[in-house]
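Worksheet for the structure shown next.
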Amino acid sequence: MVYSTGNTTVDEATERVLAGEQLSRRDGLALIAQPVEDLAPAADYVRSEFGDDTVDACSIVNAKAGNCAEDCGFCAQSVHFDTGIDTYGLLDPEEILAAAKRAERDGAQRFGIVVAEKGIDREARPEEWDRVLEAIRLVRDETDVEVDGSLGILTEEEAEILVEEGLNHYNHNIETSPNFFPEIVDTHSFEDRVRTLEIAKEAGMDLCAGVILGMGESPTDRVDAAIALHDVGVSSVPVNVLNPVAGTELGEKLGDTADISTEEIVKTIAVYRFLHPDARVRLTGGREVNLDVDEQHLPFEAGADGILTGDYLTTHGNDAADDLDVIERAGMEPNMDANEFDPDEVRTRARSDERSDETDGDDEALEPDTAVGTATSKAGDPRNDRGEATNASD
């Protein structure tokens with residue numbers, strides 16, 4: 013074997029993965045118990061052997077905010093919790109297109125249209141359904157980004173229509189393991205989420221589905237979630253880290269700190285790489301508040317090769333220039349397969365926006381003209397606000 017850490021468990025797993033073997037739940041449990049200093053570089057080696065040295069960036073728009081009837085314990089948009097976020101109906105297709113163009117300019121390869129509800133429901137709300145389809149067409153025809161959707165639970169007919177309209181990937185996170193899921197959601201089941209993923213895949217969409225770490229789940233739950241994602245056949249695995257929202261069930265239970273350490277985050281990313289050697293393992297919501305500035309690059313040295321840049325659903329994330337710096341520090345490059353862009357232009361524009369904010373002198377300064385600028389919150393400056401880990405690749 014070419015690569016060796018000196019850790020027998022890690023080295024044997026690496027050799028088996030490189031030989032084309034799919035690791036088991038037992039393997040995942042053994043790996044997540046290993047020291048991070050052995051596990052992380054081995055996972056990064058697996059990534060380099062199965063892929064390249066690029067990081068794939070995606071962005072999202074919160075196309076319909078708040079008033080969701082589901083009771084997901086992490087989510088600021090549920091009607092069951094008083095979190096102070098702005099709520100609004102479905103954005104106009106042109107507004108969604110404008111957000112997609114900002115994301116495209118800032119280097120996103122994929123753009124996700126996200127709605128806050130159990131499902132967009134073609135029969136119950138046909139006007140909304142038609143507007144979503146119009147938005148998909150606009151983004152498909154007027155940008156170079158791939159079009160993704162996070163539209164909730166689907167029927168087979170709805171999935172087939174979305175494929176016909178050009179939706180590339182479908183996001184529907186499973187959030188956690190089958191065992192822990194009932195601890196955070198009562199209004200629908202783990203099986204409901206898995207069935208929607210199966211429907212989307214059967215219709216011809218690639219799947220983007222992942223988890224939220226730090227909700228009180230165990231390392232075993234993290235491994236079980238990864239196994240469930242492999243069983244359904246995902247090509248992109250967004251890994252969110254909980255950023256507890258005041259007023260939500262988990263915000264009240266955990267305070268303002270996720271129940272996970274930096275080391276556990278990095279180890280989980282590494283294990284997900286071992287269990288999903290061909291997928292994009294994507295670092296998404298909550299990373300800015302759960303990883304220090306000098307730790308942001310660590311997951312990309314442990315097998316991660318995807319990132320959600322810009323805003324999340326109700327809070328602001330890193331801007332694209334900051335994320336380019338993180339990618340560079342990890343010794344990687346931005347992916348440009350779908351959307352070729354100039355990283356230097358992104359950085360120059362970000363610096364210009366910062367100077368404009370500094371000289372504006374107005375507490376109601378406009379949002380910078382970047383992919384950041386789609387999140388909304390009533391509770392003061394969203395950049396200082398506590399927010400949730402997004403349920404989209406997020």
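Going by this note's numbering, the letters in the sequence shown line up with residues 13 to 406, in that order.
Heads up, the beta-carbon is just placed ideally off N, CA and C, and yes, glycines get one too.
| field | Beta bridge counterpart(s) of Glu158 as assigned by DSSP | value | Within the sequence shown, numbered from 1, the residue matching residue 158 stands at position 146. The partner list for Glu158 (beta bridge, DSSP) reads Arg122.
| Cβ neighbours of Asp65 in the same chain (closer than 8 Å, five flanking residues each side left out) | Locating residue 65 in the sequence shown gives position 53, counting from the first residue. Excluding positions up to five away in sequence, the list reads Gly343, Met344, Glu345.
| query | Is it right to say Lys76 is buried, meaning 16 or more other beta carbons lie within 10 angstroms of its own, or is it exposed? | reply | Start at 1 with the first residue of the sequence shown, and residue 76 comes out as number 64. Label assigned to Lys76: buried.
| field | As assigned by DSSP and simplified to three states, the class of Gly222 | value | Here residue 222 refers to the residue found at position 210 of the sequence shown. DSSP places Gly222 in coil when its eight states are reduced to three.
| Assigned secondary structure, Tyr15 (DSSP; H/G/I helix, E/B strand, else coil) | The count along the sequence shown starts at 1 and reaches residue 15 at position 3. In the displayed model, Tyr15 falls within coil according to three-state DSSP, outside both helix and strand.
| Unbroken alpha helix (DSSP H) run spanning Glu51, endpoints | Residue 51 sits at position 39 when you count from the first residue of the sequence shown. Here the sequence assigns Leu to residue 51, which means Glu is not the residue at that position. According to the DSSP assignment, Leu51 belongs to the alpha helix (DSSP H) that extends over 48-62.
| task | Give every residue of the same chain whose Cβ lies closer than 7 Å to the Cβ of Gln308, excluding the five residues on either side of it in the sequence, and list them in chain order. | result | In the sequence shown, the residue the question calls residue 308 occupies position 296. Excluding positions up to five away in sequence, the list reads Arg299, Val338.
| task | Taking only the alpha-carbon atoms, compute the straight-line gap between Leu266 and Ala54 and give it to the nearest angstrom. | result | On the sequence shown, position 254 is the one that residue 266 refers to. On the sequence shown, position 42 is the one that residue 54 refers to. Each residue's Cα considered, the two are about 33 Å apart.
| said: Closest to Glu264 by C-alpha separation, out of Ile44, Thr26, Gln46, Ala88, would be which residue? | reply: Here residue 264 refers to the residue found at position 252 of the sequence shown. Here the closest residue by C-alpha is Ala88.
| query | So which of Val126, Pro355, Tyr284, Asn347 has the shortest CA-CA distance to Asp331? | reply | Along the sequence shown, one-based indexing puts residue 331 at 319. Out of Val126, Pro355, Tyr284, Asn347, Pro355 has the C-alpha closest to the C-alpha of Asp331.
| Option nearest Gly124 by Cα separation, candidates Glu106, Leu179, Val197, Glu135 | As a first step, residue 124 must be located in the sequence shown, where it is residue number 112. With distances taken between Cα atoms, Gly124 lies closest to Leu179.
| message | Suppose you measure from the CA of Ile211 to the CA of Asp118; what does that come to, to the nearest Å? | response | Your numbering for residue 211 matches position 199 in the sequence shown. Your numbering for residue 118 matches position 106 in the sequence shown. C-alpha separation (whole angstroms): 32 Å.
| request: Mark Glu187 as exposed unless 16 or more other C-beta atoms lie within 10 angstroms of its C-beta, in which case mark it buried. | output: Indexing the sequence shown from 1 puts residue 187 at position 175. With a threshold of 16 other beta carbon atoms within 10 Å, Glu187 meets it and is buried.
| request: Compute the distance between the beta-carbons of Asp156 and Glu357, then report whether it is under 9 Å. | output: Counting from one through the sequence shown, the residue named residue 156 turns up at place 144. Counting from one through the sequence shown, the residue named residue 357 turns up at place 345. No, the pair does not count as a contact, with Cβ atoms beyond the cut-off.
| request: Could you tell me which of Val29, Asp160, Leu51, Val257 sits nearest to Asn74, measuring between CA atoms? | output: Within the sequence shown, residue 74 is the residue found at index 62, counting from 1. It is Asp160.
| Do Ser273 and Ala240 have their CB atoms nearer than 9 Å? | Stepping through the sequence shown from its first residue, residue 273 is reached at position 261. Stepping through the sequence shown from its first residue, residue 240 is reached at position 228. No, the pair does not count as a contact, with Cβ atoms beyond the cut-off.
| request: Apply the 10 Å Cβ neighbour rule to Ser230 and answer buried if 16 or more other Cβ atoms are within range, or exposed otherwise. | output: The residue given as residue 230 occupies position 218 in the sequence shown. By the 10 Å Cβ count, Ser230 comes out exposed.
| field | Beta carbon of Gly164 nearer than 9 Å to that of Glu129 | value | Within the sequence shown, residue 164 is the residue found at index 152, counting from 1. Within the sequence shown, residue 129 is the residue found at index 117, counting from 1. The beta carbons of Gly164 and Glu129 sit closer together than 9 Å.
| query | Which stretch, first to last residue, makes up the beta strand (DSSP E) that contains Gly318? | reply | What you label residue 318 is simply residue 306 of the sequence shown in a count that begins at 1. Where Gly318 is concerned, the enclosing beta strand (DSSP E) starts and stops at 318-320.
| query | What's the C-alpha gap between Leu103 and Glu146? | reply | Taking the sequence shown and counting its residues from 1, the one referred to as residue 103 is at position 91. Taking the sequence shown and counting its residues from 1, the one referred to as residue 146 is at position 134. Taking the straight line joining both Cα atoms gives about 11 Å.
| Close-in-space but distant-in-sequence residues of the same chain around Gly3 (CB under 7 Å, 5 per side omitted) | Outside the modelled stretch of the chain, which goes from 13 to 406, sits residue 3, for which no answer is possible.
| query | Over what stretch of residues does the beta strand (DSSP E) that includes Ile272 continue unbroken? | reply | Taking the sequence shown and counting its residues from 1, the one referred to as residue 272 is at position 260. Where Ile272 is concerned, there is no enclosing beta strand (DSSP E), because DSSP gives it neither an H nor an E.
| said: Output needed for Gly226: all residues of its chain with C-beta closer than 6 Å, excluding positions within five of it in sequence on either side, in chain order. | reply: As a working note, residue 226 is residue 214 in the sequence shown. Closer than 6 Å at Cβ, skipping near neighbours: Val253, Leu254, Ala270, Asp271, Ile272.
| query | What are the residues that DSSP puts in a beta bridge with Asp68? | reply | Translated into the one-based positions of the sequence shown, residue 68 becomes position 56. Beta-bridge partners assigned by DSSP to Asp68: Gly318.
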